[in-house]
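There are 2 protein chains.
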Amino acid sequence: MDRERLKGHLDLLLLAVLEDEPAHGYVVITRLRERSDGGFDLPEGTIYPALHRLERAGLLVSDWVEHAGRRRRAYALTAAGHRELAAERASWTRFARGVIAVTGATA
Amino acid sequence: MDRERLKGHLDLLLLAVLEDEPAHGYVVITRLRERSDGGFDLPEGTIYPALHRLERAGLLVSDWVEHAGRRRRAYALTAAGHRELAAERASWTRFARGVIAVTGATA
DNA sequence: ATCCATACCTAGTAACGCTAGGCATCGTAT
DNA sequence: ATACGATGCCTAGCGTTACTAGGTATGGAT
Numbered sequence: 075m076d077r078e079r080l081k082g083h084l085d086l087l088l089l090a091v092l093e094d095e096p097a098h099g100y101v102v103i104t105r106l107r108e109r110s111d112g113g114f115d116l117p118e119g120t121i122y123p124a125l126h127r128l129e130r131a132g133l134l135v136s137d138w139v140e141h142a143g144r145r146r147r148a149y150a151l152t153a154a155g156h157r158e159l160a161a162e163r164a165s166w167t168r169f170a171r172g173v174i175a176v177t178g179a180t181a
Numbered sequence: 075m076d077r078e079r080l081k082g083h084l085d086l087l088l089l090a091v092l093e094d095e096p097a098h099g100y101v102v103i104t105r106l107r108e109r110s111d112g113g114f115d116l117p118e119g120t121i122y123p124a125l126h127r128l129e130r131a132g133l134l135v136s137d138w139v140e141h142a143g144r145r146r147r148a149y150a151l152t153a154a155g156h157r158e159l160a161a162e163r164a165s166w167t168r169f170a171r172g173v174i175a176v177t178g179a180t181a
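So the protein lines, in turn, are chains E and W. For the first sequence, this note's numbering begins at 75 and goes up steadily by one. For the second sequence, this note's numbering begins at 75 and goes up steadily by one.
What follows is the structure, given as structure tokens:
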């Protein structure tokens, strides 16, 4: 999976992964890897700054949780986050259909 | 269409548009706009540097053509360009399936 | 004791597509 | 005649992004 492809799509992935149940950064990485069957195996240096960016943008809220002696920062979608996720999914669909129409590639 | 989404996918679009019949930059822009039903309406500042990059990479060859008093630079795929296009299409499919699997979005 | 998994963070980097400007020709409408 | 839009090319610099590479720390297993 060429990493340059990910640019502009990461927010959609993160919001989708956090949609149903909140999670902390480490689990976000795991979920992405599992749900994509290994396709998205993203480094921490990608995930943590992105989560911070989404929180600054008001799409996520975080709170610190103590668990088995380790501190975790759990993220959840705000109302704006849910709206943004819907918009991102629609934007993705337009984009993907465009690529398919132009290139004849399949999804 | 969020422009940031395009990053990493432009090469695929350009190679696909030039696959069957060579064209010059201006026509590439037109074809992208038409085939995507207006979704990809890309500025010259995106297209021309990208074509130069692909030529430097050995995926395209160009030659200057005189037409109705205007000079045009026509681009065509090299053998390496055709191979790269096939690889890009496969890469796109993996990527798209990953996004769909993670987000539940549709193409 | 050592190592790996867990769990967080950030400064700096490379690559990308885009903005904004430039130059030139042709056809058409004023 | 001339102004303007469409055609047709180019590039320096910009903003955003995901990543590299480094750091800190705890818990469990060997």
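Positions of the beta carbon are idealized from the N, C-alpha and C atoms, including for glycine.
* Any C-beta of chain W under 9 Å from that of L86 of chain E -> Residue 86 of chain E sits at position 12 when you count from the first residue of the first sequence. Judged by the 9 Å Cβ criterion, L86 of chain E is in contact with chain W.
* Does the beta carbon of E118 of chain E sit closer than 9 Å to a beta carbon anywhere in chain W? -> The residue given as residue 118 of chain E occupies position 44 in the first sequence. No, E118 of chain E does not count as interfacial toward chain W.
* Using beta-carbon positions only, say whether L128 of chain W and L89 of chain W come within less than 9 Å of one another. => Looking up residue 128 of chain W in the second sequence gives position 54. Looking up residue 89 of chain W in the second sequence gives position 15. In this structure, L89 of chain W lies closer than 9 Å to L128 of chain W by Cβ.
* **chain W within 9 Å of R171 of chain E, Cβ atoms only** => Translated into positions along the first sequence, residue 171 of chain E becomes position 97. It does: the Cβ of R171 of chain E has a partner Cβ on chain W nearer than 9 Å.
* Asked: Looking at C-beta atoms only, is the number of pairs between the stretch 90–103 of chain W and the stretch 130–149 of chain W that lie closer than 8 Å three or more?
  -> yes
* Asked: Considering only residues of the same chain and omitting the five flanking positions on each side of S136 of chain E, which have a CB-CB separation below 7 Å?
  -> On the first sequence, residue 136 of chain E is found 62 positions in, with the first residue counted as 1. Correct list, in chain order: E129, R147, A148, Y149.
* Who pairs with V176 of chain E in a beta bridge, going by DSSP? -> As a position in the first sequence, residue 176 of chain E is number 102, starting the count at 1. Per DSSP, none; premise fails for V176 of chain E.
* For L106 of chain W and chain E, any beta-carbon pair shorter than 9 Å? -> To locate residue 106 of chain W, count along the second sequence from 1; it is residue 32. Judged by the 9 Å Cβ criterion, L106 of chain W is in contact with chain E.
* Asked: Between R109 of chain E and the rest of its own chain, which residues show a CB-CB distance below 8 Å, the 5 nearest in sequence each way excluded?
  -> Within the first sequence, numbered from 1, the residue matching residue 109 of chain E stands at position 35. Cβ within range, chain order: V91.
* **Cβ-based neighbour list, R163 of chain E, same chain, cut-off 6 Å, excluding 5 preceding and 5 following** => Taking the first residue of the first sequence as position 1, residue 163 of chain E is located at position 89. For R163 of chain E, where only same-chain residues beyond five positions count, there are no Cβ hits under 6 Å.
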